[in-house]
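Here is the structure:
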């Protein structure tokens, strides 16, 4: 087993929990927020800024000009480049599970990867948010709508791919019908072979 | 186990073989070409015409007018309606595996289904066509390009959905990396539980 497992996921679909379980089952490191912390350390960006920037894209030329001067890359693009370097450095160390951060795209060419997309029904995701974060169902519905929109845009901007298009992954699993435990087991078995 | 398994698939991705194996593992009927034959019997259409029409959509108003008169549904739409009735009649009989024919969409509301999308890399599909049909690799590449285009259009026309969008399925499996046997086993285990 020499593969790197990348997990892209809809917010509140259970992707992070599945990632942690797969890492445990395979006995390899799990990287999620670690990537933000390492990027912060290496680039000097504030971790909070990085987290916010991950949910956004460079949409306003004037904003970037004002913040950043005319002849340099937009800050969010610099950040994406810094995160990509961190992801490759982690992947170079050996088998691991990486959640989010467009890692499927970043590692697409030169790494032996198994790419996973985790998604779910709106109901399943809303129930999870209500349970974990104590939001009302209406607020949770609004959260997933906004998060989906942001992730779809962010992914499109940096990868020129469509988020959730099965073609980009080795397997796509709906956690509402397949279950989190089954998802983790299926992925581990496929990668472990 | 009371579910109906629908399998949508890219041409030459192995979806039919997986469907047959899942039906065998679950001990339920498998419907693929049967649907064409039953539809032919019940509607009076020629099976060859049905097969051709499945790969097409109603694109030319003038063609339909010439073939079909002004005030009736286009023939392809009548055929889709006839096939949909056959699919529902088969599904009413109990658990089964149905491959193709937009069955995921036809049965979306009133049936307990497990929806699968089977796809693969171009290389895997081309190799299968070369091996099974004896075409050259270049011709096989052209075949998958045309088939993908036709199926995408057909699916979009009748369902208003995007073909291969993970959101429409319970699981999507890339046969080039997961393998046909694994795919059949995973689906049977998930549905059998």
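Protein chains in written order, with our numbering: chain A, 1 to 193; chain B, 1001 to 1193. All C-beta atoms in this analysis are idealised placements derived from N, C-alpha and C, irrespective of residue type, glycine included.
| Query | Result |
| --- | --- |
| Residue 141 (chain A) versus residue 161 (chain A): straight-line alpha-carbon distance, rounded | 25 Å |
| Under 7 Å between C-beta atoms of residue 1031 (chain B) and residue 1090 (chain B) | yes |
| Simplified DSSP state of residue 165 (chain A), which is helix, strand or coil | strand |
| Residue from B:1082, B:1183, B:1133 whose Cα sits closest to the Cα of residue 1018 (chain B) | B:1183 |
| Residue 1125 (chain B), enclosing alpha helix (DSSP H) - first and last residue | 1122-1133 |
| Three-state secondary structure assigned by DSSP to residue 1009 (chain B) | strand |
| Bridge partner(s) assigned by DSSP for residue 1098 (chain B) | B:1006, B:1031 |
| Chain A residues whose Cβ lies nearer than 7 Å to that of residue 1196 (chain B) | The structure shown does not extend to residue 1196 (chain B), since chain B is modelled only from 1001 through 1193, so no value can be given for it. |
| Run of the alpha helix (DSSP H) containing residue 117 (chain A), from where it starts to where it stops | From DSSP, residue 117 (chain A) is part of no alpha helix (DSSP H) but of the beta strand (DSSP E) over 113-119. |
| Residue 1015 (chain B): contacting residues in chain A (beta-carbon distance under 8 Å) | Chain A residues near residue 1015 (chain B): none, gap ~13 Å exceeds 8 Å. |
| Proximity to residue 1078 (chain B) [Cα-Cα], best of B:1039, B:1015, B:1003, B:1129 | B:1039 |
| Alpha carbon of residue 1047 (chain B) to alpha carbon of residue 1053 (chain B), nearest angstrom | 10 Å |
| Buried or exposed by the 16-neighbour rule on C-beta atoms within 10 Å, applied to residue 136 (chain A) | exposed |
| Distance between beta carbons of residue 118 (chain A) and residue 15 (chain A), contact taken as under 8 Å | 4 Å |
| Sequence-distant residues of the same chain with beta carbon closer than 6 Å to residue 1009 (chain B), five excluded per side | 1015, 1118 |
| Cβ-Cβ separation, residue 1102 (chain B) to residue 1159 (chain B) (assumed contact under 8 Å), whole Å | 6 Å |
| Rounded distance between the beta-carbons of residue 1006 (chain B) and residue 1098 (chain B), thought under 8 Å | 5 Å |
| Sequence-distant residues of the same chain with beta carbon closer than 7 Å to residue 12 (chain A), five excluded per side | 125, 128, 129, 144 |
| Cutoff 7 Å: residue 1174 (chain B) Cβ touching any chain A Cβ | yes |
| Where residue 1114 (chain B) meets chain A, residues with beta-carbon distance less than 8 Å | 177 |
| Per-residue DSSP class, three states only, for residue 1151 (chain B) | helix |
| Alpha-carbon spacing of residue 178 (chain A) relative to residue 1150 (chain B), whole angstroms | 30 Å |
| Through-space distance from residue 1176 (chain B) to residue 1138 (chain B), alpha-carbon basis | 19 Å |
| CB contact below 7 Å: residue 171 (chain A) versus chain B | yes |
| Cross-chain neighbours of residue 1109 (chain B) in chain A, by beta carbon under 8 Å | By Cβ distance, chain A contributes nothing, its closest Cβ being about 15 Å from residue 1109 (chain B), past 8 Å. |
| Contact residues within the segment 111-145 of chain A, judged by C-beta distance below 8 Å to chain B | 114, 117, 119 |
| Closer than 9 Å at the beta carbon, the chain B residues around residue 19 (chain A) | In chain order: nothing, as chain B lies at least about 17 Å away. |
| Chain B within 7 Å of residue 1 (chain A), Cβ atoms only | Model confidence at residue 1 (chain A) stands at a pLDDT of 48, short of 50, so the residue's coordinates are unreliable; what they give is reported in the following sentence. False, the Cβ-Cβ gap to chain B never drops below 7 Å. |
| Residues within the segment 1145-1169 of chain B neighbouring chain A, beta-carbon criterion of under 9 Å | 1162, 1164, 1165, 1166, 1167, 1169 |
| Candidates B:1173, B:1033, B:1042, B:1004: closest to residue 1081 (chain B) by CA position | B:1042 |
| C-alpha distance - residue 155 (chain A) paired with residue 131 (chain A), whole-angstrom precision | 28 Å |
| Partners in chain B for residue 186 (chain A), counting only beta-carbon separations shorter than 7 Å | 1186 |
| C-beta contact flag for residue 166 (chain A) and residue 1166 (chain B) at 7 Å | yes |
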